[in-house]
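Under the working numbering, the first residue of the sequence shown carries the number 6, and numbering increases by one thereafter. Ideal placement from N, C-alpha and C gives every residue a C-beta, glycine not left out. Only a predicted model underlies this, so the values are computations on that prediction, with no experimental measurement involved. The structure appears right after this line, and notes come after that.
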Amino acid sequence: MADVILKDVNKVYPNGFHAVYDFNIHINHGDFIVLAGPSGCGKSTTLRMIAGLEEISSGDLIINGKRCNDLAPRDRDIAMVFQNYALYGHMTVYHNMAFSLLIRKIDSDEIHRRVMAAAEILGLVPYLNRKPKQLSGGQRQRVAVGRSIVRNPAVFLFDEPLSNLDAKLRGSMRKELSILHQKLNATFIYVTHDQIEALTLATRIVVMKDGYVQQIDTPKNMFDNPRNLFVAGFIGTPPMNFYHGTVESDGCFHFFDGPKVKIADAKFAELKDLGYVGKEVVMASRPDYTYMDDAHLAEYSEAVVEMDIDTSEMLGSYFLVYGTLANQTVISKVLSSAKVDLSRPKASLAFDMERVHFFDKETEMRITKEEI
Ligand code: ATP
6 MADVILKDVN KVYPNGFHAV YDFNIHINHG DFIVLAGPSG CGKSTTLRMI AGLEEISSGD
66 LIINGKRCND LAPRDRDIAM VFQNYALYGH MTVYHNMAFS LLIRKIDSDE IHRRVMAAAE
126 ILGLVPYLNR KPKQLSGGQR QRVAVGRSIV RNPAVFLFDE PLSNLDAKLR GSMRKELSIL
186 HQKLNATFIY VTHDQIEALT LATRIVVMKD GYVQQIDTPK NMFDNPRNLF VAGFIGTPPM
246 NFYHGTVESD GCFHFFDGPK VKIADAKFAE LKDLGYVGKE VVMASRPDYT YMDDAHLAEY
306 SEAVVEMDID TSEMLGSYFL VYGTLANQTV ISKVLSSAKV DLSRPKASLA FDMERVHFFD
366 KETEMRITKE EI
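Here you go:
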């Protein structure tokens, strides 16, 4: 069992740069935590502090009830799998996996048992006598994971392990990692800048920006209820559309220099109670929840606006339609099966107003009475 707790963890590098601010999380045994965010947000620094490769400037790191700030990496019961999975080129797959156990002077029968068990889990049994250069990228990545598995750690740390792989292989390795996580019943902490990896792998995602944690949540909740504009723009492909405008006393959202749409009753009541009537806000809607087909235009008739169609892209089962609405950019996802003429210069667009969010223009926080 491995609980990992970070309590008010900060990192200030020797040059004075404050890379991570007050990081707090309780990671439960079996969690698959994904640290996500743009380049430079502090996710690798956080992982390296957990690994013991970077000193913790202040705060506590507790693994299995034990404060680990000052423990050497090898004494932390963790294993790290790097993006650059440097395997020993002159050793076979078997010896690459056995090596760390050999130098720990573990009994040879036990080494064999652990290497074979890892090879079984990772589907590497047929390749045990090969050298790394005789393997594909995905197989090499599996060997790198195997080197960690044989050590039987409580916590696995992954730093962008898939970023060297091509898109197709990344997809299949994602699936493998997810299955591996279930088989090992271990705690995974995983760094990526790829929000698709975060959504597909995590039990909980931590989104970071400029050293600050923005939101810690399940993928579904992160997608459905982003805490602030940054998370709303980071999670989801294509990202949410943001529209500037005002909340009117008649219960409508008024796009700047543009049309009005009726806000859902419960949402308007919330905006009203929180003092937003007459104020400027940002309305955010996912491209998935705007529609251009006749049935939805009729269903959401109180929230239909005219847009200019700039261009569209065919992506198999759906089109992405890029347009302009009240001088603001809009992207809408339209199912290929929907009967919509995208060759027109103008079209009607309906919003599912139950699914839109409103954000405070100054604080950029989602406007809600819920505790967030
Ligand atoms: P990436 O996806 O590019 O790896 P990241 O979110 O993992 O980004 P970190 O590597 O954690 O980012 O770096 C966070 C910030 O700390 C960056 O601004 C980086 O320049 C800075 N930084 C990293 N290492 C040092 C160091 N040794 N000294 C000073 N600043 C550093």
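Between V218 and I194, the CB-CB gap reaches or exceeds 8 Å. G64 has its Cβ no nearer than 7 Å to any heavy atom of the ligand ATP.
Between the segment 168-175 and the segment 30-45, the count of Cβ pairs shorter than 8 Å is below three; the stretches do not touch.
In the DSSP annotation of this structure, the continuous segment of the beta strand (DSSP E) that includes K12 starts and ends at V9 to V17.
Non-local beta-carbon contacts of F163 in its own chain, meaning distances under 6 Å to residues more than five positions away in sequence, involve V86 and Y195 in chain order.
About 5 Å separates the CB atoms of T192 and A7; that is less than 8 Å, so the two are in contact. DSSP, read as helix, strand or coil, puts Y132 in helix. Under DSSP, G328 forms a beta bridge with I314 and V335. DSSP, reduced to helix, strand and coil, places F261 outside both helices and strands of the structure shown, so it counts as coil. By the rule of a C-beta closer than 6 Å to any heavy atom of the ligand ATP, the residues picked out are Y18, N20, F22, A24, G42, S44, G45, C46, G47, K48, S49, T50 and H198. T242 and I67 have their alpha carbons spaced roughly 35 Å apart. Shown here for H34: same chain residues with a beta carbon closer than 7 Å to its own, the five before and five after excluded, namely M6, A7, D8 and T192 in chain order. One thing to note: R145 has its Cβ within 8 Å of the Cβ of L92. Bridge partners of R72 according to DSSP: I67. Look at S49 here: in three-state DSSP terms it is helix. Short of 8 Å from the beta carbon of N101, and not among the five residues preceding or following it, lie these beta carbons of its own chain, in chain order: L92, Y93, P137, V148, G151 and R152. One Cα belongs to F324, the other to S113, and the distance between them is close to 58 Å. Secondary structure of Y305 (DSSP, three-state): coil.
Taken through DSSP and simplified to helix, strand or coil, D365 comes out as strand. Annotation for S317: F324, V326 and L347 place their beta carbon closer than 6 Å to its own, counting only its chain and skipping 5 residues before and after. Taken atom to atom, the span from the alpha-carbon of L320 to that of P244 is near 16 Å. For V282, the secondary structure class from DSSP, reduced to helix, strand or coil, is coil. For R209, there is no enclosing alpha helix (DSSP H); the residue is part of the beta strand (DSSP E) that begins and ends at R209 to K214.
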